[in-house]
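Numbering (my numbering), first residue to last: 1378 to 1543.
Note that CB positions come from ideal geometry on N, CA and C, so glycine has one too.
Each remark here refers to the structure printed beneath this line.
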Amino acid sequence: ATGAICLVSYVSLLLKADSRRRKVEDVLPDFLSLSAANVRAGMTIDQAMWYAAKPEFGILSQEVSIVAKKAFGGVPFNQAIDYLGERFNSKAIRRAVALIKQGIASGGKLADILERTAEDSRQMQLLNKEIAASLLMYVMFIVFASAIGTPFLFSISGKLVTILEG
């Protein structure tokens, strides 16, 4: 009984974490685009992210606000933004954080980096949706084949055997 309770609670936590990650990944491209626009307007990256953290971005805006507060509080921005990458089990966010850090270190055009990262994130979302649709189609085919096709073929082969015996 205790094992079942532990298993159910573990699965529940995993599903919550996955839901949280998905919500953040859904709004990440828009957040990065808004941050890029703020950088183009002349803001530093920490200010740009702070002002881009709108309530409609949900959990992401809360976590970015924490990062911005840490940066404004004296923590180096590279260390503060690492917090964002650690908070979510998301390759897209870790990649965005790594690209931002590399852009800061190399002195690159941060607005362009943010825009390209946002576009890549959008493309990955579309690709994931296409893969999910294809997978669903394959699953439906397999279920149809196993639930309807197999019994049908079995009955036909049974008839064929009785005809050949006679």
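Quiz item: So which of Ser1442, Thr1421, Ile1422 and Arg1471 has the shortest CA-CA distance to Lys1431?
Solution: Start at 1 with the first residue of the sequence shown, and residue 1431 comes out as number 54. For Lys1431, the nearest C-alpha among the options comes from Ser1442.
Quiz item: Under the rule that 16 or more other beta-carbon atoms within 10 Å means buried, what is Met1517, buried or exposed?
Solution: Translated into positions along the sequence shown, residue 1517 becomes position 140. Per the 10 Å Cβ criterion, exposed.
Practice problem: Would you kindly work out how many angstroms separate the C-alpha atoms of Tyr1515 and Gly1480, rounded to a whole number? | Solution: Taking the first residue of the sequence shown as position 1, residue 1515 is located at position 138. Taking the first residue of the sequence shown as position 1, residue 1480 is located at position 103. Rounded to whole angstroms, Tyr1515 to Gly1480 spans 42 angstroms at the Cα level.
Quiz item: Looking at the unbroken alpha helix (DSSP H) that takes in Ser1412, where does it start and where does it end?
Solution: Residue mapping note: residue 1412 aligns to position 35 of the sequence shown, counting from 1. That run of the alpha helix (DSSP H) goes Thr1379 to Arg1417.
Quiz prompt | Phe1454 versus Val1401: straight-line alpha-carbon distance, rounded | solution = For this step, residue 1454 is matched to residue 77 along the sequence shown. For this step, residue 1401 is matched to residue 24 along the sequence shown. Phe1454 and Val1401: Cα-Cα distance of roughly 21 angstroms.
Practice problem: Could you check what DSSP says for Thr1421 in three-state terms: helix, strand or coil? | Solution: Mapped onto the sequence shown, residue 1421 falls at position 44. Reduced to three states, the DSSP call for Thr1421 is coil.
Quiz prompt | Separation of Ile1470 from Glu1440, as counted between CA atoms | solution = In the sequence shown, residue 1440 corresponds to position 63, counting from 1. In the sequence shown, residue 1470 corresponds to position 93, counting from 1. Going by the C-alpha atoms only, they are around 12 angstroms apart.
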